[in-house]
Amino acid sequence: MRRFPFSFLACAGLCFLTACVQAEEVAESSFTPLHDGHTFEGWEHGGNWEIEDGAFHRKSRGGSLTYVVSTVPDDFELRFEWKVSQGCNSGVYYRPGQVEYQVLDNVGSPYGENARQAAASLFFCMAPGKDATRPVGEWNTARILCQGTVIEHWLNGERVLSFDYADPKWKWYVELLGIRGGDLTGRGGRLWLQDHGQDVWFRRLRWRKMETGERLEPDPQFEPLPVTGAALEKEEARVRTMLEARKEKVKQGKP
Numbered sequence: 002m003r004r005f006p007f008s009f010l011a012c013a014g015l016c017f018l019t020a021c022v023q024a025e026e027v028a029e030s031s032f033t034p035l036h037d038g039h040t041f042e043g044w045e046h047g048g049n050w051e052i053e054d055g056a057f058h059r060k061s062r063g064g065s066l067t068y069v070v071s072t073v074p075d076d077f078e079l080r081f082e083w084k085v086s087q088g089c090n091s092g093v094y095y096r097p098g099q100v101e102y103q104v105l106d107n108v109g110s111p112y113g114e115n116a117r118q119a120a121a122s123l124f125f126c127m128a129p130g131k132d133a134t135r136p137v138g139e140w141n142t143a144r145i146l147c148q149g150t151v152i153e154h155w156l157n158g159e160r161v162l163s164f165d166y167a168d169p170k171w172k173w174y175v176e177l178l179g180i181r182g183g184d185l186t187g188r189g190g191r192l193w194l195q196d197h198g199q200d201v202w203f204r205r206l207r208w209r210k211m212e213t214g215e216r217l218e219p220d221p222q223f224e225p226l227p228v229t230g231a232a233l234e235k236e237e238a239r240v241r242t243m244l245e246a247r248k249e250k251v252k253q254g255k256p
């Protein structure tokens with residue numbers, strides 16, 4: 002076996018770490034900030050949001066906060082940080098058709114009992130593979146990556162959701178979202194932050210358009226958390242209600 006002097010290995014290790022740091026710096030520098038931390042420039046809301054310590058803060062009822070400068074790129078990465086109040090339910094909508102990165106107090110909100118509605122889930126579609134949330138009042142880091150039919154959700158440095166919605170393996174989950182009126186094939190929508198009735202904070206929102214040469218591969222080992230027991234029964238009851246409402250619309254000739 003060929004032996005290398007310690008000084009060579011140390012130098013190689015240092016170069017590797019430097020390359021990693023530089024790669025991270027390059028990646029971060031390629032992002033476009035969506036919020037300056039001081040104003041609502043580029044955003045629209047109903048007067049119920051404020052800026053607090055450089056973050057958007059939903060302070061009262063009045064509607065969501067929408068980015069209006071441009072639509073979300075088809076293939077993109079979005080990075081942001083979020084913090085919830087006790088029992089909070091919110092989300093980041095990044096594609097039209099009910100495509101939402103769920104933001105939630107998993108412990109204090111009743112939505113938390115269903116993994117398909119928990120923090121970092123693709124709401125009412127795909128559960129994360131684990132709960133990586135931090136306690137209420139602490140900041141969480143998040144990433145959303147989309148390329149073609151592949152979607153990834155990250156939470157606090159961990160890839161917790163990764164799948165290709167065109168893969169037949171996930172057909173049932175895609176159809177579940179469809180029952181709610183969701184459509185994963187939608188493109189060209191606005192980015193908006195949900196007001197669902199509780200205080201929530203967002204900061205450091207930025208995105209980048211993914212380059213042509215990049216390739217986002219779904220994690221073949223990804224498995225969503227299961228939904229069982231009372232949570233599953235409630236979900237099934239909700240689905241039945243949605244399907245009945247859809248049938249009634251058809252009878253009445255409504256779209």
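Per my numbering, the sequence shown starts with residue 2, numbered consecutively. Idealized CB from N, CA, C, for every residue including glycine.
#### Entry: Residue span of the beta strand (DSSP E) that contains Gly92, given as start and end
By 1-based counting over the sequence shown, the position of residue 92 is 91. Run containing Gly92: Asn90 to Arg96, per the beta strand (DSSP E) assignment.
### Task
State the DSSP-derived secondary structure class of Arg207, mapped to helix, strand or coil.
As a first step, residue 207 must be located in the sequence shown, where it is residue number 206. Arg207 sits in a strand when the DSSP states are folded into three classes.
### Query
What do you get for Glu153, buried or exposed, if any count of 16 or more other CB atoms within 10 angstroms of its CB means buried?
For the purposes of this step, residue 153 is identified with residue 152 of the sequence shown, where counting begins at 1. When all chains shown are included, Glu153 counts as buried.
### Message
Residues in the same chain with beta-carbon distance under 7 Å from Leu178, minus the five sequence neighbours each way, listed in chain order, please.
### Response
Residue mapping note: residue 178 aligns to position 177 of the sequence shown, counting from 1. The answer, listed in chain order, is Gln99, Phe125, Cys126 and Leu185.
### Message
Could you check whether the stretch 190 to 201 touches the stretch 162 to 178, counting it as contact only if at least three pairs of C-beta atoms, one from each stretch, sit closer than 8 Å?
### Response
no
### Query
Near Pro219, which residues of its chain fall below 6 Å by C-beta distance, leaving aside the five closest residues on each side in sequence?
Here residue 219 refers to the residue found at position 218 when the sequence shown is read from its first residue. Excluding residues within five positions, the ones whose Cβ falls inside 6 Å are Val151, Ser163, Phe164 and Asp165.
### Residue range of the unbroken alpha helix (DSSP H) whose run includes Glu29
The residue given as residue 29 occupies position 28 in the sequence shown. First-last of the alpha helix (DSSP H) with Glu29: Phe7 to Ser30.
### Message
Taking 8 Å as the threshold (C-beta atoms), are Glu224 and Asp130 in contact?
### Response
For the purposes of this step, residue 130 is taken as the residue at position 129 of the sequence shown. For the purposes of this step, residue 224 is taken as the residue at position 223 of the sequence shown. Note on identity: in this sequence residue 130 is Gly, with Asp being the wrong assignment. Glu224 is positioned such that its CB atom lies closer than 8 Å to that of Gly130.
### Query
Between Phe81 and Arg205, what straight-line distance do the alpha-carbon atoms span, to the nearest angstrom?
Locating residue 81 in the sequence shown gives position 80, counting from the first residue. Locating residue 205 in the sequence shown gives position 204, counting from the first residue. Using only the alpha carbons, I get a separation of about 5 Å.
### Query
At which residues does the beta strand (DSSP E) containing Lys84 begin and terminate?
On the sequence shown, position 83 is the one that residue 84 refers to. Phe77 to Val85 is the extent of the beta strand (DSSP E) around Lys84.
### Query
Which residues does DSSP pair with Phe57 in a beta bridge?
In the sequence shown, the residue the question calls residue 57 occupies position 56. Answer is Ile52 and Phe203, bridged to Phe57.
### Task
Please report how far the alpha carbon of Met65 lies from the alpha carbon of Val104, in whole angstroms.
Translated into the one-based positions of the sequence shown, residue 65 becomes position 64. Translated into the one-based positions of the sequence shown, residue 104 becomes position 103. Here residue 65 is Ser; the residue named in the question, Met, does not match the sequence. Taking the straight line joining both Cα atoms gives about 14 Å.
#### Entry: Status (buried if at least 16 other CB within 10 Å, exposed otherwise) for Lys248
Stepping through the sequence shown from its first residue, residue 248 is reached at position 247. It is exposed - the Cβ of Lys248 has fewer than 16 other Cβ atoms within 10 Å.
### Query
Measuring CA to CA, which of Gly149, Arg160, Pro136 and Val69 is closest to Ala143?
Taking the first residue of the sequence shown as position 1, residue 143 is located at position 142. Closest by alpha carbon: Arg160.
### For Arg62, the first and last residue of its enclosing beta strand (DSSP E)
Taking the sequence shown and counting its residues from 1, the one referred to as residue 62 is at position 61. Looking at the DSSP string, Arg62 is not in any beta strand (DSSP E), and its letter there is neither H nor E.
### Query
Taking contact to mean at least 3 C-beta pairs separated by less than 8 Å, is the stretch 108 to 117 in contact with the stretch 226 to 233?
Cβ pair count under 8 Å is three or more, so yes.
### Task
Grab the span of the beta strand (DSSP E) containing Val137 for me, first residue to last.
For the purposes of this step, residue 137 is taken as residue 136 along the sequence shown, with counting starting at 1. Neither: Val137 is in no beta strand (DSSP E) and is coded neither H nor E.
### Task
Could you check the C-alpha separation between Val137 and Gln148 for me, to the nearest Å?
Numbered from 1 along the sequence shown, position 136 holds the residue referred to as residue 137. Numbered from 1 along the sequence shown, position 147 holds the residue referred to as residue 148. Distance between the alpha carbons of Val137 and Gln148: 31 Å.
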